[in-house]
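First comes the structure, then the notes that go with it.
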Ligand code: 5GP
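In my numbering, the protein residues as written are 630 to 851.
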């Protein structure tokens, strides 16, 4: 996607700006899902990107809300038809971001939140570098990560062991991200992630309405 190809977020102060793609990544169990939910609930103008996946649905998940659950054949068709903005294989399953809803949200002036892994983040950065803001969430300790994986109680012991061993690999990509948040405490981590989004929304380069705004101001001062 060309970074110039989308519309302009309203800007809560009336100054037009480019929409941004806000990416959260972390090893599973570091609190990324909770942080995403809190962001969507508390930050107006931010829309969640719902990924397609071939992994089986977990108890409590809703098709179309948490993921679009598709079979392998459907996923392969989406890849072939270029319907995915990025995609990757994680834990033997395929995950990808449907392109159309992201483009629609950005053209409607919204920011989009992605819960994707480092492979997907690299692809997004490659496609729309200036519009991607990436945050990596780290757990405070390995013991904490394990505790959180167990308390979710959604996965078997074998799956949890698998996720623990992969966490280290996932974490090795931390240095590719713009921001790093260590999730000692969910409220504090949320406040930090929220601050990042708020500050990035104010970045001069994104606020394409500033030139006109300042010109008007100067006109009034003359
Ligand atoms: P889970 O199966 O626990 O929901 O997700 C496993 C991993 O896949 C997480 O790290 C999550 O961020 C990642 N993931 C979810 N959706 C996507 C996607 O659309 N693209 C990519 N690249 N990764 C995804």
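Every residue, glycine too, gets a C-beta built ideally from N, C-alpha and C. Owing to the predicted nature of the structure, the values given are computational and were not obtained by experimental measurement.
- In the DSSP assignment, residue 676 is bridged to 741.
- DSSP, read as helix, strand or coil, puts residue 812 in coil.
- For residue 838, no beta strand (DSSP E) run applies, since DSSP gives it neither H nor E.
- 8 Å or more divides the Cβ of residue 762 from the Cβ of residue 676.
- The secondary-structure analysis by DSSP pairs residue 765 across a beta bridge with 654 and 809.
- Counting other Cβ atoms within 10 Å of its Cβ, residue 843 stays below 16 and is therefore classed as exposed.
- The secondary-structure analysis by DSSP pairs residue 704 with nothing; it has no beta-bridge partner.
- With respect to residue 746, residue 654 sits close: the two C-beta atoms are nearer than 8 Å.
- Not one heavy atom of ligand 1 falls within 7 Å of the beta-carbon of residue 803.
- Annotated as distal: residue 825 and residue 769, with beta-carbon spacing of 8 Å or more.
- Within the same chain, 775, 778 and 779 come within 8 Å of residue 789 by CB-CB distance, once the 5 residues on both sides are set aside.
- Judged by DSSP secondary structure, residue 775 falls within the alpha helix (DSSP H) whose first and last residues are 771–781.
- Ranking 651, 795, 658 and 839 by CA distance to the CA of residue 735 puts 651 first.
- Excluding its 5 nearest sequence neighbours in each direction, residue 739 has C-beta neighbours in its own chain below 8 Å: 638, 648, 674, 675 and 676, listed in chain order.
- Ranked by how close their Cα comes to the Cα of residue 690, the residues 706, 670, 719 and 662 have 662 in first place.
- The C-beta distance from residue 664 to residue 819 rounds to 6 Å, short enough to fall under 8 Å.
- In this structure, the alpha-carbon of residue 799 lies about 6 Å from that of residue 656.
- In this structure, DSSP gives residue 730 a helical state, which the three-state scheme calls helix.
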